[in-house]
Amino acid sequence: METLENSVFDSLVLTGPLNCLPYKISQAILKPIYLENHTPFLVFDVDISAVSPNTRRLINANIEQIKRRRK
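Counting in my numbering, the sequence shown runs from 1 upward without gaps.
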């Protein structure tokens, strides 16, 4: 909690392989903390393929959310 309160970061983008247990555990721990602090949090389960248009849209929406928070 102290890290988030004094953080210079505006958001967290968490990416990891589809079936990776450490990635899933970190997601389960971090997501509630970021949501509780109203900090944008984006999670992407990835494979080796290219970034989909939907993923790009979500990243752009996350950036817009960060811009609104700074105002």
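C-beta atoms are modelled at their ideal positions from N, C-alpha and C, and glycine is treated no differently. Quantities reported herein were computed from a predicted structural model and do not represent experimental measurements.
Can you tell me which of the three DSSP states residue i falls into?
{"i": "T39", "result": "coil"}
Counting along the chain, where does the alpha helix (DSSP H) carrying residue i start and finish?
{"i": "L12", "result": "Here L12 belongs to no alpha helix (DSSP H); instead the beta strand (DSSP E) covers 12-17."}
{"i": "K67", "result": "53-70"}
Report the CB separation of residue i from residue j in whole angstroms; it is logged as a contact under 8 Å.
{"i": "Q27", "j": "L42", "result": "Actually they do not touch by this definition, with Cβ atoms about 11 Å apart."}
{"i": "S11", "j": "N62", "result": "6 Å"}
{"i": "P17", "j": "Y23", "result": "6 Å"}
Can you give the Cα-Cα distance for residue i and residue j, rounded to whole angstroms?
{"i": "T39", "j": "V46", "result": "22 Å"}
{"i": "N54", "j": "L35", "result": "22 Å"}
{"i": "A50", "j": "C20", "result": "19 Å"}
{"i": "L58", "j": "V8", "result": "22 Å"}
{"i": "Q65", "j": "K71", "result": "10 Å"}
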